[in-house]
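Beneath this line is the structure, given in structure tokens, with notes to follow.
2 protein chains.
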Amino acid sequence: MTTNQNQMKIVLQMVSGYGGEFKTWRLPEAKADAYTDMDLYVEMAQLAEKGKLHALFMADTPALVNNIGVDTPMHSMDPLIAMTSVARATKHIGLVGTFSTTFNEPYNLARHLKTLDVISHGRVGWNTVTTSTGATADNFGTHIATRQERYGRAHEVIEAVQSLWGSWGENAYIHNKETGQFADLGQIKPVNYRGEYVKTSGPLPIPPSEQGQPVLFQAGPSGEGVELAGRFASGVYANPFTIEESREYRDILRDAAVRHGREADEINVFTGFMFTIADTKEEALARRRQVMAFDPEETSQRLRYLSAMVGLNLTSLDIDKPLPEGVRRMLQANWQDPRSPRAVELLQEGYSPLDTLAMGVINYHPVVVGTATDVADFLQEWFESGATDGFSIVPDLAHDGVKRFVEEVVPILQERGIFHKDYEGTTLRENLGLPYQYGLRK
Amino acid sequence: MTTNQNQMKIVLQMVSGYGGEFKTWRLPEAKADAYTDMDLYVEMAQLAEKGKLHALFMADTPALVNNIGVDTPMHSMDPLIAMTSVARATKHIGLVGTFSTTFNEPYNLARHLKTLDVISHGRVGWNTVTTSTGATADNFGTHIATRQERYGRAHEVIEAVQSLWGSWGENAYIHNKETGQFADLGQIKPVNYRGEYVKTSGPLPIPPSEQGQPVLFQAGPSGEGVELAGRFASGVYANPFTIEESREYRDILRDAAVRHGREADEINVFTGFMFTIADTKEEALARRRQVMAFDPEETSQRLRYLSAMVGLNLTSLDIDKPLPEGVRRMLQANWQDPRSPRAVELLQEGYSPLDTLAMGVINYHPVVVGTATDVADFLQEWFESGATDGFSIVPDLAHDGVKRFVEEVVPILQERGIFHKDYEGTTLRENLGLPYQYGLRK
Ligand SMILES: Cc1cc2nc3c(=O)[nH]c(=O)nc-3n(C[C@H](O)[C@H](O)[C@H](O)COP(=O)(O)O)c2cc1C
Ligand SMILES: Cc1cc2nc3c(=O)[nH]c(=O)nc-3n(C[C@H](O)[C@H](O)[C@H](O)COP(=O)(O)O)c2cc1C
Numbered sequence: 001m002t003t004n005q006n007q008m009k010i011v012l013q014m015v016s017g018y019g020g021e022f023k024t025w026r027l028p029e030a031k032a033d034a035y036t037d038m039d040l041y042v043e044m045a046q047l048a049e050k051g052k053l054h055a056l057f058m059a060d061t062p063a064l065v066n067n068i069g070v071d072t073p074m075h076s077m078d079p080l081i082a083m084t085s086v087a088r089a090t091k092h093i094g095l096v097g098t099f100s101t102t103f104n105e106p107y108n109l110a111r112h113l114k115t116l117d118v119i120s121h122g123r124v125g126w127n128t129v130t131t132s133t134g135a136t137a138d139n140f141g142t143h144i145a146t147r148q149e150r151y152g153r154a155h156e157v158i159e160a161v162q163s164l165w166g167s168w169g170e171n172a173y174i175h176n177k178e179t180g181q182f183a184d185l186g187q188i189k190p191v192n193y194r195g196e197y198v199k200t201s202g203p204l205p206i207p208p209s210e211q212g213q214p215v216l217f218q219a220g221p222s223g224e225g226v227e228l229a230g231r232f233a234s235g236v237y238a239n240p241f242t243i244e245e246s247r248e249y250r251d252i253l254r255d256a257a258v259r260h261g262r263e264a265d266e267i268n269v270f271t272g273f274m275f276t277i278a279d280t281k282e283e284a285l286a287r288r289r290q291v292m293a294f295d296p297e298e299t300s301q302r303l304r305y306l307s308a309m310v311g312l313n314l315t316s317l318d319i320d321k322p323l324p325e326g327v328r329r330m331l332q333a334n335w336q337d338p339r340s341p342r343a344v345e346l347l348q349e350g351y352s353p354l355d356t357l358a359m360g361v362i363n364y365h366p367v368v369v370g371t372a373t374d375v376a377d378f379l380q381e382w383f384e385s386g387a388t389d390g391f392s393i394v395p396d397l398a399h400d401g402v403k404r405f406v407e408e409v410v411p412i413l414q415e416r417g418i419f420h421k422d423y424e425g426t427t428l429r430e431n432l433g434l435p436y437q438y439g440l441r442k
Numbered sequence: 001m002t003t004n005q006n007q008m009k010i011v012l013q014m015v016s017g018y019g020g021e022f023k024t025w026r027l028p029e030a031k032a033d034a035y036t037d038m039d040l041y042v043e044m045a046q047l048a049e050k051g052k053l054h055a056l057f058m059a060d061t062p063a064l065v066n067n068i069g070v071d072t073p074m075h076s077m078d079p080l081i082a083m084t085s086v087a088r089a090t091k092h093i094g095l096v097g098t099f100s101t102t103f104n105e106p107y108n109l110a111r112h113l114k115t116l117d118v119i120s121h122g123r124v125g126w127n128t129v130t131t132s133t134g135a136t137a138d139n140f141g142t143h144i145a146t147r148q149e150r151y152g153r154a155h156e157v158i159e160a161v162q163s164l165w166g167s168w169g170e171n172a173y174i175h176n177k178e179t180g181q182f183a184d185l186g187q188i189k190p191v192n193y194r195g196e197y198v199k200t201s202g203p204l205p206i207p208p209s210e211q212g213q214p215v216l217f218q219a220g221p222s223g224e225g226v227e228l229a230g231r232f233a234s235g236v237y238a239n240p241f242t243i244e245e246s247r248e249y250r251d252i253l254r255d256a257a258v259r260h261g262r263e264a265d266e267i268n269v270f271t272g273f274m275f276t277i278a279d280t281k282e283e284a285l286a287r288r289r290q291v292m293a294f295d296p297e298e299t300s301q302r303l304r305y306l307s308a309m310v311g312l313n314l315t316s317l318d319i320d321k322p323l324p325e326g327v328r329r330m331l332q333a334n335w336q337d338p339r340s341p342r343a344v345e346l347l348q349e350g351y352s353p354l355d356t357l358a359m360g361v362i363n364y365h366p367v368v369v370g371t372a373t374d375v376a377d378f379l380q381e382w383f384e385s386g387a388t389d390g391f392s393i394v395p396d397l398a399h400d401g402v403k404r405f406v407e408e409v410v411p412i413l414q415e416r417g418i419f420h421k422d423y424e425g426t427t428l429r430e431n432l433g434l435p436y437q438y439g440l441r442k
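Sequence order for the protein chains is A and B. Numbered according to full-length UniProt numbering, the first sequence terminates at residue 442, and the numbering increases by one at each position without gaps. Numbered according to full-length UniProt numbering, the second sequence terminates at residue 442, and the numbering increases by one at each position without gaps.
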């Protein structure tokens with residue numbers, strides 16, 4: 001709990017094991033079967049730990065949600081099993097997994113996550129999401145409920161889970177051979193949680209971990225999402241496209257925490273960002289062009305979308321050349337997509353339409369395409385402008401992206417004093433500078 | 001699939017990590033915190049693998065079901081996490097976990113178990129139980145349904161899970177960098193399972209493991225349990241007390257398999273048995289007396305129960321001495337408890353009431369107290385009499401019991417030709433001599 005507020009926090013997303021660009025699996029350096037190769041996943045996590053990254057972060061939706069005919073899957077086969085595998089092969093890095101409050105029973109969730117927290121010696125985080133994907137509801141023979149109902153249940157599930165976590169008293173694990181007392185039953189009590197959506201009696205017979213219990217995360221910026229985060233979350237995974245947007249969202253979240261009687265600093269915003277690192281900016285861009293070339297049809301679609309973003313039909317022009325000066329002046333950012341100003345900027349700087357696409361202007365997160373220094377500069381600018389507490393970094397291809405980030409970007413950040421040189425403690429809470437918590441906060 | 005029918009199969013139960021006797025944790029050689037020590041659990045599993053044991057078997061009930069004030073817990077903190085931990089640290093041993101068909105959603109179960117099967121390279125088994133413990137229902141805010149309903153749902157959950165397992169075609173995982181086809185969507189289809197109790201659409205986006213999909217086990221001898229086993233199970237965990245009882249039960253199960261259109265040999269019965277091994281029978285018995293002495297009150301209760309088993313109030317006699325000859329002739333086995341004849345036998349042989357108790361006559365399974373040869377003799381007799389296909393072995397204290405079994409009993413069995421000298425293949429199916437299966441059997 002002696003983290004330096006002038007240092008950013010970083011979690012790594014390897015998505016399904018390949019990384020955040022769903023066609024990089026075709027690159028020569030990619031491992032085409034990374035999806036099913038847990039050894040590789042564990043190796044990359046160990047590398048991330050060498051780089052002192054705070055945690056792995058795993059998004060999840062229990063359904064098939066993208067086109068795996070040509071793209072790599074959006075999620076790992078199973079976050080719980082990946083987290084356990086990594087836990088057994090690492091010592092410091094945190095393990096944050098996404099588990100739906102809608103499609104899990106609180107007792108099962110509480111049990112899985114607390115056990116994992118115990119065996120990882122206090123390194124687990126739970127990203128609480130309500131799941132709004134229809135395909136998931138189909139997998140559970142139901143439909144997606146209203147946002148109000150989903151979040152109503154989410155509050156209850158989290159209350160129930162945290163209550164179960166607290167149901168085994170902090171000092172109840174006696175295991176004293178001489179006296180013969182294994183556990184102090186006076187400290188192990190049912191919770192008898194009776195909500196509108198879920199009920200559970202407990203107790204959950206699992207002792208505390210070194211950090212007490214898992215840390216909560218949240219993702220999703222709706223009003224209900226912010227309230228859930230303000231009440232429970234110590235980390236929020238966010239996807240702003242600009243520093244201003246990010247700063248504003250961070251302030252909203254900090255206010256929400258305070259409204260729920262917590263310190264503003266108890267909530268850490270992790271903004272997502274993606275990267276392609278090479279020795280030069282040109283090489284990085286060439287790599288992204290290579291990946292784009294794998295799917296010309298998708299590129300055409302994206303060009304049409306880019307046209308809409310900049311208010312000009314680009315497909316009638318030479319898309320592999322800088323736009324003529326006269327045309328550049330006609331570009332106008334579409335206010336409906338916050339990524340548009342950046343697209344206009346790049347085209348005006350002389351990037352061709354194809355290169356502009358390759359720069360990642362239509363990605364889910366801001367993208368840095370360049371050298372390790374470019375990446376470090378981006379992170380520093382966002383961090384020092386108060387836009388965020390840290391980052392959820394997404395390499396284009398995990399197989400080499402993790403290595404480049406750890407070996408090239410991390411040393412620069414450490415040199416500049418904006419990233420820790422070692423883990424502050426042994427638990428995720430300590431490394432994120434969070435207060436201890438056990439059971440449901442009163 | 002070249003297992004030798006003249007060789008027994010053996011799975012190991014470490015229960016919550018301590019073993020099957022809930023007070024052995026107080027012995028000097030015990031590790032008092034085994035419950036939370038995954039390193040120790042993994043080490044013991046590795047030792048079991050050295051002994052070529054076929055699998056670890058983990059019973060489970062998602063509730064606190066015994067008196068952990070003085071006893072070690074009945075179950076591990078979380079079977080899935082223990083199985084994953086072991087999977088990552090072993091290469092051959094199977095991993096059979098108990099997961100309730102009542103308190104899990106089929107999609108979550110299918111996903112967890114198939115993922116674990118993939119990352120363990122085909123070593124997973126699922127012990128299907130319906131869970132009849134009230135405390136569990138309380139943890140899920142419900143009540144225990146009738147047996148008919150529980151088994152009705154069990155059939156559906158297994159159908160749904162196996163259908164989901166088969167929803168990703170066996171050859172759908174293309175991941176060909178050149179063609180850019182990651183998966184063959186023509187082979188990945190929804191299952192649209194619509195039962196009375198559960199519904200799920202799928203598909204489950206997980207490729208087959210080396211054994212296709214996990215092996216099914218069952219436990220519980222009710223008529224409904226036998227039908228479930230006959231239809232789905234390749235392994236049954238049984239608790240007979242005599243060879244005759246076991247043979248009869250095995251025949252019933254084999255008939256049930258045939259009735260469901262399967263080969264009788266596709267169902268393997270694993271009878272549970274417990275042991276205490278020492279260099280001499282006397283030492284083994286002394287160790288059990290030492291454990292009994294930890295709880296004099298429980299011993300008194302057990303003496304009263306033993307009295308009822310043998311039709312004579314033993315508590316008025318000197319319980320630490322052989323019964324007087326005249327008294328021995330008065331003993332009569334209580335037909336309501338199948339363990340009674342053995343109790344009478346031991347008392348008549350001259351074991352004192354306390355020693356008779358220490359011999360384990362009131363245990364959940366038959367108990368062998370003696371040398372490694374005594375244990376081997378017991379296993380051979382049961383196996384060669386056609387009582388069983390194998391055993392689910394439960395050491396009194398796992399910490400040393402696994403070692404003694406592996407180092408002392410296994411070589412004797414191998415010497416006698418009744419236990420394999422090495423794993424037959426790389427998957428649980430191969431090592432159990434089971435046919436390949438993928439998806440729901442038609
Ligand atoms: C950055 C970010 C990451 C998200 N990750 C996940 C995820 O892993 N799984 C999931 O089900 N939903 C995820 N969501 C979706 C949100 O939890 C939420 O459902 C979504 O934003 C819809 O909002 P609402 O449910 O508040 O209406 C994510 C959202 C954002 C903004
Ligand atoms: C040897 C054996 C092992 C069992 N293991 C478990 C277990 O691990 N978890 C569980 O919930 N039930 C277990 N059971 C209970 C059975 O699944 C079943 O619920 C019980 O025998 C009651 O029978 P019924 O449900 O068929 O009425 C076991 C039963 C036997 C005989």
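Don't be surprised by glycine CBs; every beta carbon is placed ideally from N, CA and C.
Beta-carbon gap between residue i and residue j smaller than 8 Å
i	j	result
A284 (chain B)	G370 (chain B)	yes
I362 (chain A)	R339 (chain A)	yes
residue 448 (chain A)	T136 (chain A)	Since the first and last residues shown for chain A are 1 and 442, residue 448 (chain A) lies out of range.
P214 (chain A)	K114 (chain A)	yes
H420 (chain B)	K52 (chain B)	yes
S132 (chain A)	P73 (chain A)	no
S163 (chain A)	T130 (chain A)	no
T426 (chain B)	E170 (chain B)	no
G125 (chain B)	L428 (chain B)	yes
T356 (chain A)	V118 (chain B)	no
A219 (chain A)	Y237 (chain A)	yes
heavy atom of ligand 2 below 7 Å from residue i C-beta
i	result
residue 443 (chain B)	Since the first residue shown for chain B is 1 and the last is 442, residue 443 (chain B) is missing from the structure and cannot be characterised.
A45 (chain A)	no
N239 (chain B)	yes
G225 (chain B)	yes
R111 (chain A)	no
R147 (chain B)	yes
Any non-hydrogen atom of ligand 1 closer than 7 Å to residue i Cβ
i	result
S234 (chain A)	no
G20 (chain A)	no
N363 (chain A)	no
A59 (chain A)	yes
R441 (chain B)	no
E210 (chain A)	no
V129 (chain A)	yes
T133 (chain A)	yes
S300 (chain A)	no
T98 (chain A)	yes
G230 (chain A)	no
Residue from the options whose Cα sits closest to the Cα of residue i
i	options	result
Y18 (chain A)	A:L303, A:Q7, A:V42	A:V42
F57 (chain A)	A:L216, A:V368, A:A32, A:F140	A:L216
With a threshold of 8 Å, are at least 3 pairs of Cβ atoms found where one atom belongs to the segment 199-208 of chain A and the other to the segment 107-126 of chain A?
yes
Inter-stretch contact (C-beta, 8 Å, three-pair minimum) for the segment 379-389 of chain A and the segment 18-27 of chain A
No, because fewer than three Cβ pairs between the segment 379-389 of chain A and the segment 18-27 of chain A fall closer than 8 Å, the two stretches do not touch.
Are the segment 225-236 of chain A and the segment 150-167 of chain A touching, with three or more C-beta to C-beta distances below 8 Å?
yes
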